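These protein sequences, in sequence, are chains A and B.
Position 51 (the first sequence) corresponds to 51 in this note's numbering; numbering is contiguous.
Position 184 (the second sequence) corresponds to 184 in this note's numbering; numbering is contiguous.
Data first, discussion second: the structure below is written as structure tokens.
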Amino acid sequence: MLSFLLRRLAQAVLVMLVVGMGAFSLFQYVGDPVSNMVGQDATPAQREQLHADLGLDRPAPVQFARFVGHALSGDFGLSLRQGREVSVLIAERLPATLELAIVAALIAMGAGIPLGVYTALRRRHWDAKLTMAVSLLGVSLPTFLIGIVLIEVFSVLLGWLPSFGRGTTVQLGAWSTGLLTADGWRHIVLPAATLAVYQLTLVMRLVRAEMLEALRSDYVKFARARGLPDRVVHFGHALRNTLVPVLTISGLQLGGLIAFSIITETVFAWPGMGSLFIQAVQFPDVPVMAAYLCLIALVFVVINLIVDLLYAVVDPRLRVQAAIGGARR
Amino acid sequence: MKERARPTEPRTSATPVLPLRWRRWFASDLWVDFVHSPLTVLAAAIALACVCGALFAPWLAPHDPFDLATLDLGDSHLPPAWMADGRATYPLGTDDQGRDILSGLLYGARISLTVGLCSVGLSVLIGVTAGLLAGFVGGVVDAALMRLCDVMLSFPPILIALLVDGIGRLIFPQARDVLAIAVLIFALTFTDWVRYARTVRGSTLVERHKEYVQAARLVGVSRWRLLRRHVLPNVLGPVLVLATIQVGQAIITEATLSFLGVGVPPTNPSLGTLIRIGNDFLYAGEWWITLFPGAALVLIAMSVNLLGDWLRDALNPRLK
């Protein structure tokens, strides 16, 4: 168990180092920070001086070590576009994105699991088949198109919900939240629903597939043979055993939600990290890109790590496998 | 199950005149399965229509959207022909520059399909080669490749594509039309190839220990020929399924990047770019600029996904 844990941890650190190297090479090969900082009429001597002051004349490994050191303390320098600390910019935007992702995840789980159970239990009926066909549409529809259609229907045609921004936010210390005001909730409905659609279909199809598998299994047959009521068999036996993979995938998808929010935030002008990143890509604003890249990588690595560990805790078979050969899943 | 390249024109019955290869195809389980699934036939028909529409765009389109001389700003913002202000010359209306939406669609589908097919083709080529090598050679090559796959597959494809595209644009700041499309194809390929590599590596590991491979090796077949003629044909089944589904995915990713403004430039719009242009006019009530390209995109993606789903089930003997 301990070796499994250590290996996973080492892998996570390796991934972060690779991503860090990618971000570092962005700085190395794209743009010259010196010409950004000094004016047009700086003398070559001044340039040299600044070059040395910034430590740019040292060998690349030394610079990389410095970069990692700074990155660990959350320092990615100044944004080229806005001239402000990148860490401050991201800290401002982080709450918006996280709130969006969490509300979307709740929608996806809250609707996906019941729908999956329903379609599995009634798989021969037309309503379940229709739901499955519609869910295929959900997978095929690009996120941004769903957003546009929702805006067209609920904002333009019906005028029920606002289509951009976060609405009124409340400041809780450093965290600005839109979830404490009715206006904030009105603003989050459309973007969160847009973001949730893909995850919802995924959760639903997964629950359905796992349920069908479980319903065929011997322990369910045995439970039926014992004369247990359907409700107990379906929810106490079948659903319970499907929840491990469902929770895993949902956990992994939380990172996906944060990444996919790039698209949703663009469609709904949501002031989160995703729109910050898109602006950085278009500008090109290297420090912001690098910081976002490292942050997202960190989120993914941490989520993967937690899911792997939870898996080992939940499923005793994996602990044995991990001890034998470190096989994944 | 062995299966041959799909014939270009569907026929309903096999006549004895046909060459053996074709007769075998029409008698195959796959073809029978295909004919008996109406939804799949419909999806194939739609996909074929989209491909033809894109292929013959210059002849089918009523206008040339790239010929600036034919554009008339007086014709801009026209609704589709069946609405009050619509004109028959512009069946689906016009955008803000007076470009015909239908023609834009046909030309846009061309770029979307080109990007989708090229990136999937390249990914298959690179991924299958890498997977074969990793599975067959093993050792350090295998370990390094699989760790790389682990890392790449733990990030969503759109993020990697966005990043590669962003870096590509940094390196070629003056990227215009063709170069921008090349960067886009590269970004999608870079994102995608690991999926094929991992699949092929898995099946290669299984195949290499089978008797026919051992036999071929004993006869003295060279390593390269062994891979190409013996192992490769037997690992291609899953790749075919994956590639079909990935075409739809690549088209959507391309549209998304273009929508975000980092894909195909507006001078040579793909479906995603058209949707992006139209998005600005949604509040003016001009839904047709956005929704027709959107519908076309969904139609293509849906039909390809349906084909992929069917192929996966049809090639999976466990589901029979």
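Idealized CB from N, CA, C, for every residue including glycine.
Just so you know, these numbers come straight off a predicted model, no measurement behind them.
To the nearest angstrom, how far is the alpha carbon of residue i from that of residue j?
{"i": "I107 (chain A)", "j": "V149 (chain A)", "result": "19 angstroms"}
{"i": "R328 (chain A)", "j": "L94 (chain A)", "result": "Model confidence at R328 (chain A) stands at a pLDDT of 40, short of 50, so the residue's coordinates are unreliable; what they give is reported in the following sentence. Going from the Cα of R328 (chain A) to the Cα of L94 (chain A) covers about 32 angstroms."}
{"i": "I252 (chain B)", "j": "A223 (chain A)", "result": "45 angstroms"}
{"i": "V156 (chain A)", "j": "F259 (chain B)", "result": "20 angstroms"}
{"i": "T264 (chain A)", "j": "L202 (chain A)", "result": "18 angstroms"}
{"i": "L162 (chain B)", "j": "P156 (chain B)", "result": "10 angstroms"}
{"i": "E286 (chain B)", "j": "V134 (chain A)", "result": "27 angstroms"}
{"i": "R99 (chain B)", "j": "L30 (chain B)", "result": "43 angstroms"}
{"i": "A196 (chain A)", "j": "V19 (chain A)", "result": "28 angstroms"}
{"i": "V115 (chain B)", "j": "T191 (chain B)", "result": "14 angstroms"}
{"i": "L259 (chain A)", "j": "W288 (chain B)", "result": "The amino acid occupying residue 259 (chain A) in the given sequence is Ala; Leu does not appear at that position. If you take the alpha carbons of A259 (chain A) and W288 (chain B), they lie about 30 angstroms apart."}
{"i": "N304 (chain A)", "j": "D64 (chain B)", "result": "50 angstroms"}
{"i": "F136 (chain B)", "j": "L257 (chain B)", "result": "36 angstroms"}
Please state the DSSP three-state secondary structure of residue i.
{"i": "S103 (chain B)", "result": "helix"}
{"i": "Q82 (chain A)", "result": "coil"}
{"i": "M16 (chain A)", "result": "helix"}
{"i": "T177 (chain A)", "result": "strand"}
{"i": "T94 (chain B)", "result": "strand"}
{"i": "L205 (chain B)", "result": "helix"}
{"i": "K210 (chain B)", "result": "coil"}
{"i": "H70 (chain A)", "result": "helix"}
{"i": "P59 (chain A)", "result": "coil"}
{"i": "F64 (chain A)", "result": "helix"}
{"i": "A269 (chain A)", "result": "coil"}
{"i": "W287 (chain B)", "result": "coil"}
{"i": "V200 (chain B)", "result": "helix"}
{"i": "V264 (chain B)", "result": "coil"}
{"i": "T43 (chain A)", "result": "coil"}
{"i": "G184 (chain A)", "result": "helix"}
Would residue i count as contacting chain A if we go by Cβ distances under 7 angstroms?
{"i": "L282 (chain B)", "result": "yes"}
{"i": "I181 (chain B)", "result": "no"}
{"i": "P265 (chain B)", "result": "no"}
{"i": "G294 (chain B)", "result": "yes"}
{"i": "A161 (chain B)", "result": "no"}
{"i": "P157 (chain B)", "result": "no"}
{"i": "I111 (chain B)", "result": "no"}
{"i": "L117 (chain B)", "result": "no"}
{"i": "T40 (chain B)", "result": "no"}
{"i": "W224 (chain B)", "result": "no"}
{"i": "M146 (chain B)", "result": "no"}
{"i": "I101 (chain B)", "result": "no"}
{"i": "G166 (chain B)", "result": "yes"}
7 angstroms is my cut-off, CB to CB: does residue i come that close to chain B?
{"i": "T266 (chain A)", "result": "yes"}
{"i": "I146 (chain A)", "result": "no"}
{"i": "V15 (chain A)", "result": "yes"}
{"i": "I278 (chain A)", "result": "yes"}
{"i": "L6 (chain A)", "result": "no"}
{"i": "L310 (chain A)", "result": "no"}
{"i": "E210 (chain A)", "result": "no"}
{"i": "P191 (chain A)", "result": "no"}
{"i": "E152 (chain A)", "result": "yes"}
{"i": "G116 (chain A)", "result": "no"}
Between the beta-carbon of residue i and the beta-carbon of residue j, is there less than 7 angstroms?
{"i": "L218 (chain B)", "j": "G108 (chain B)", "result": "no"}
{"i": "I111 (chain B)", "j": "V264 (chain B)", "result": "yes"}
{"i": "S123 (chain B)", "j": "W193 (chain B)", "result": "yes"}
{"i": "A214 (chain A)", "j": "T242 (chain A)", "result": "yes"}
{"i": "F283 (chain A)", "j": "R81 (chain A)", "result": "yes"}
{"i": "S261 (chain A)", "j": "L100 (chain A)", "result": "yes"}
{"i": "V207 (chain A)", "j": "I113 (chain A)", "result": "yes"}
{"i": "A96 (chain A)", "j": "R166 (chain A)", "result": "yes"}
{"i": "V262 (chain B)", "j": "V281 (chain A)", "result": "yes"}
{"i": "R208 (chain B)", "j": "C149 (chain B)", "result": "no"}
{"i": "V286 (chain A)", "j": "G251 (chain A)", "result": "no"}
{"i": "T244 (chain B)", "j": "L311 (chain B)", "result": "yes"}
{"i": "G53 (chain B)", "j": "L102 (chain B)", "result": "no"}
{"i": "L315 (chain B)", "j": "E152 (chain A)", "result": "no"}
{"i": "A105 (chain A)", "j": "L257 (chain A)", "result": "yes"}
{"i": "L227 (chain B)", "j": "L145 (chain B)", "result": "no"}
{"i": "V230 (chain B)", "j": "V213 (chain B)", "result": "A quick correction: the sequence has His, not Val, at residue 230 (chain B). Result yes, Cβ atoms of H230 (chain B) and V213 (chain B) sit closer than 7 angstroms."}
{"i": "P142 (chain A)", "j": "A255 (chain B)", "result": "yes"}
{"i": "D24 (chain A)", "j": "F76 (chain A)", "result": "One point to set straight first is that residue 24 (chain A) is Phe, not Asp, in the sequence displayed. Contact: no."}
Tell me, which residues are paired with residue i by DSSP?
{"i": "V231 (chain B)", "result": "DSSP output for V231 (chain B) lists no bridge partner at all."}
{"i": "V170 (chain A)", "result": "A:T177"}
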